[in-house]
Ligand code: ITT
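What follows is the structure, encoded as structure tokens:
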């Protein structure tokens, strides 16, 4: 196993979850900031997978020869809004607009829409770029992308203070509450990010 995992994100909310989920890998997980890496990344892909790979490659270009680089591209798809905000979730209404305002806006756009039509999901693509110089069986094993999703619906009000981003408006039937009302262990067990990172972990164990 390589010395460390560099996680290509500037989002502290993601980073908190990533650290918890990858805890049992027994390998240090560093954010870009902790690794002193701050590349300019242009997320101009048209899918979560493409954008995750763009981020992972940009950080891998600045990383050490032993580093495993992972990146997360994620977002919220609301079916009634043609899967908006989708890959533009972070940029929706402007990157610096507060989630209070973004969440209130999405609820307003669903005004009068019944529960069956409020379906939504969080999607998370995790891309991995592995260190060069190893004997990977297939060249494509040096880079791979996995996806995890969680199905839910958009509620009628913001609830809860855990999590980040769109969590206060994303409700799951299994628990009858928003993902911002779940403790972090429960969210990580059922979430898009938890599922994608566990798939990624399995793949890494096979390859390294
Ligand atoms: P990095 O690119 O630096 O990782 P980012 O916040 O710009 O950070 P994305 O482009 O992947 O990341 O945007 C993801 C957005 O989707 C994020 O900012 C949230 O608004 C939303 N999102 C993703 N996962 C979420 C989760 O678990 N809970 C709530 N909102 C989430």
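In my numbering, the protein residues as written are 257 to 464.
Built from N, CA and C at the ideal position, the CB exists for glycine as well.
Could you tell me which residues DSSP pairs with residue i in its beta bridges?
| i | result |
| --- | --- |
| residue 262 | 286 and 325 |
| residue 332 | 378 |
| residue 434 | 427 |
| residue 385 | 325 and 399 |
| residue 340 | 334 |
Could you please give the first and the last residue of the uninterrupted alpha helix (DSSP H) stretch that includes residue i?
| i | result |
| --- | --- |
| residue 274 | 268–277 |
| residue 462 | 448–463 |
| residue 365 | 355–365 |
| residue 315 | 304–316 |
Here's a check: name, in chain order, each residue in its chain whose Cβ is nearer than 8 Å to the Cβ of residue i, leaving out the five neighbours to either side.
| i | result |
| --- | --- |
| residue 265 | 271, 274, 287, 288, 311, 327 and 328 |
| residue 412 | 363 |
| residue 261 | 278, 281, 283, 284, 285, 286, 323, 324, 325 and 326 |
I'd like the list of long-range same chain contacts for residue i, defined as Cβ closer than 7 Å, with 5 residues on each side in sequence excluded.
| i | result |
| --- | --- |
| residue 332 | 341, 345, 376, 378, 422 and 426 |
| residue 257 | A caution first: residue 257 carries a pLDDT of 48, below 50, which makes its placement in the model unreliable, though a value can still be read off. Within the same chain, residue 257 has close Cβ partners 283 and 464. |
Under DSSP, the beta strand (DSSP E) around residue i begins and ends at which residues?
| i | result |
| --- | --- |
| residue 400 | 399–410 |
| residue 426 | 426–428 |
If you pair each beta-carbon of the region 391–404 with each one of the region 271–281, do three or more pairs fall below 8 Å?
-> Touching, no.
For the 8 Å Cβ check, are there 3 or more pairs between the region 404–422 and the region 372–381?
-> Result yes; three or more Cβ-Cβ pairs closer than 8 Å.
So, do the region 299–319 and the region 383–397 have three or more beta carbon pairs nearer to each other than 8 Å?
-> Between the region 299–319 and the region 383–397 there are three or more C-beta pairs closer than 8 Å, enough to call the two in contact.
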